[in-house]
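Here's the structure we're looking at; comments come further down.
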Amino acid sequence: MANLSEISRWEAGIYQWETSDPVQGGPNGIDNRPTRELANRTRWLYDELGRVKARMDDPNFYKSITVSDSKALFDAGNYLHIGADAAGGYIRNKKTNKGIQLKNDGTLQYDGSDIITARKVSHNPDDYTVATVPSSFALNKAFDNSIKRGGAIGLGGAAHQIAIGWDTPGLVAKVDTQTFNVGVPTGAIAYFAHTTVPFGWLKANGAAVSRTVYANLFALIGTTYGAGDGRTTFNLPDLRGEFIRSWDDGRTVDNGRVIGSWQADEFRSHSHGIGVKSMSDTDRGSNTSTVSIDTVGQTDPAGGIETRPRNIALLACIKA
Numbered sequence: 035m036a037n038l039s040e041i042s043r044w045e046a047g048i049y050q051w052e053t054s055d056p057v058q059g060g061p062n063g064i065d066n067r068p069t070r071e072l073a074n075r076t077r078w079l080y081d082e083l084g085r086v087k088a089r090m091d092d093p094n095f096y097k098s099i100t101v102s103d104s105k106a107l108f109d110a111g112n113y114l115h116i117g118a119d120a121a122g123g124y125i126r127n128k129k130t131n132k133g134i135q136l137k138n139d140g141t142l143q144y145d146g147s148d149i150i151t152a153r154k155v156s157h158n159p160d161d162y163t164v165a166t167v168p169s170s171f172a173l174n175k176a177f178d179n180s181i182k183r184g185g186a187i188g189l190g191g192a193a194h195q196i197a198i199g200w201d202t203p204g205l206v207a208k209v210d211t212q213t214f215n216v217g218v219p220t221g222a223i224a225y226f227a228h229t230t231v232p233f234g235w236l237k238a239n240g241a242a243v244s245r246t247v248y249a250n251l252f253a254l255i256g257t258t259y260g261a262g263d264g265r266t267t268f269n270l271p272d273l274r275g276e277f278i279r280s281w282d283d284g285r286t287v288d289n290g291r292v293i294g295s296w297q298a299d300e301f302r303s304h305s306h307g308i309g310v311k312s313m314s315d316t317d318r319g320s321n322t323s324t325v326s327i328d329t330v331g332q333t334d335p336a337g338g339i340e341t342r343p344r345n346i347a348l349l350a351c352i353k354a
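Residue 296 in the numbering used here sits at position 262 of the sequence shown, with consecutive numbering throughout.
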């Protein structure tokens, strides 16, 4: 009696005899089919266990495991090498000999360079720990939040808070609940010795500008210098070619003026005396002579088109 021929193969299923099956022996006989399929499975399991045993008997097994998706790739050196050494654990690509190493000091490296590992995302703008990274919500919220006592900056007062941010005119600061422009307040007038308008400033040239874009300035001067289009714009002061005179504000030196009002040039009221020279006519004896003046003459004009002091031209701007 011969033995069944075994193939190292995992059979998908084991055939069940049917009552209608004939009695048939031999290598391909129907009566030997279930036994042959079981024998194939057994051979496959035996071979797999043999490979596992061989690996476990390898003295290097406790140090590393090599992984490849095919024998051809393994033989060509295209596999992952998983192992450990005194510095830590690693996964190395044997083809390039580069890999990731989890070092004993807690750092993660690839090919000797540190890797920035993912951290938990935090939506709290006051989370200062290194274990988290801020979300876009936290970064945006930080503008409206504050640096409190014990943080980077501490201030006096009840709230001890300061916030720095950007507005349309430029950099602004908020101390507790009050907003300030950094350096120069909105509406200030300044002169510059160049023709370039600084950031956050506008030329004081009477231009019509947006009431929404420059809302802070509009809230201060309104339509004092012009209403613009009457709806969406307002006018800036026009200081081109003008001298500035401080507002009287009740002193009664320059009565009747309101802030921002324009005043034309004018001479102060005055008069000039005319001298008369006495003449004698002793050569006529007791007789007299009369000199008649029929017309009044004028002096020749002199000077320019206006009265002005010495001056220098500078660029006038207003803080937005």
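Backbone N, C-alpha and C fix where the C-beta goes; we use that ideal spot for every residue, glycine too.
Whole-angstrom distance between residue j and residue i, CA atom to CA atom
i	j	result
H157	L173	8 angstroms
K129	R89	22 angstroms
D139	E82	39 angstroms
G134	A121	According to the sequence shown, residue 134 is Ile rather than Gly. Cα-Cα distance, rounded: 12 angstroms.
G111	G60	45 angstroms
T333	N239	40 angstroms
D272	P168	47 angstroms
G264	V247	16 angstroms
G84	D91	10 angstroms
Y225	H304	35 angstroms
R344	P335	21 angstroms
V218	W235	10 angstroms
L142	L136	5 angstroms
S4	S170	This structure gives no information on residue 4, because the portion of the chain shown stretches from 35 to 354.
D55	N62	14 angstroms
E52	R70	17 angstroms
R285	G307	33 angstroms
Y149	F233	The amino acid occupying residue 149 in the given sequence is Ile; Tyr does not appear at that position. Their backbone Cα atoms lie some 41 angstroms apart in a straight line.
T163	A46	56 angstroms
Own chain residues within Cβ distance below 7 angstroms of residue i, not counting five before or after
i	result
V231	K237 and C351
D282	D288, N289 and R291
Q2	No answer is possible for residue 2: the residues shown for the chain start at 35 and end at 354.
W44	R75 and W78
L72	I48
Short Cβ contact (8 angstroms threshold) for residue i with residue j
i	j	result
L254	A354	no
T166	K175	no
S244	T229	no
W78	S42	yes
Enclosing beta strand (DSSP E) for residue i [first to last residue]
i	result
A336	Element bounds for A336: n/a, residue is neither H nor E.
F226	I223 to F226
G123	G122 to N127
L114	L114 to D119
V155	K154 to S156
I352	L349 to K353
P168	T166 to P168
T246	Where T246 is concerned, there is no enclosing beta strand (DSSP E), given that its DSSP letter is neither H nor E.
I134	K132 to K137
Y49	Note, Y49: premise wrong, no beta strand (DSSP E); not H, not E.
W235	W235 to K237
Y259	Looking at the DSSP string, Y259 is not in any beta strand (DSSP E), and its letter there is neither H nor E.
T267	T267 to N269
Limits of the alpha helix (DSSP H) - the one that residue i falls within
i	result
L251	A249 to I255
Close beta carbons around residue i, own chain, < 6 angstroms, minus the five adjacent residues each side
i	result
I126	Inspection of the sequence shows that residue 126 is occupied by Arg rather than by Ile. Once the five neighbours on either side are set aside, the close Cβ partners of R126 are H115 and G133.
G185	Note that G185 has pLDDT 42, beneath the 50 cutoff, so the model's placement of it is unreliable and the number below is only indicative. Contacts found: none.
D299	none
G337	none
Among the options, the one whose alpha carbon lies nearest that of residue i
i	options	result
S295	T257, Y80, V243 and Q58	T257
A274	L349, Y49 and I41	This sequence places Arg at residue 274; Ala is not what is there. Among L349, Y49 and I41, the Cα nearest to that of R274 is on L349.
I346	G264, A36 and F277	F277
G221	L270, T246 and F233	L270
I48	P335, E300, R285 and P68	P68
A241	S170, G262 and F226	G262
R302	T341, Y225, F268 and A336	T341
R279	T286, Q297 and N62	Q297
A249	A73, F233 and F268	F268
N131	L142, D119 and Y113	Y113
I293	Y259, G307 and T286	Y259
Own chain residues within Cβ distance below 8 angstroms of residue i, not counting five before or after
i	result
I339	none
Q50	P68
D161	P168 and A172
8 angstroms Cβ cutoff, residue i in contact with chain D
i	result
Y225	No chain D is present in this structure, which holds just one protein chain.
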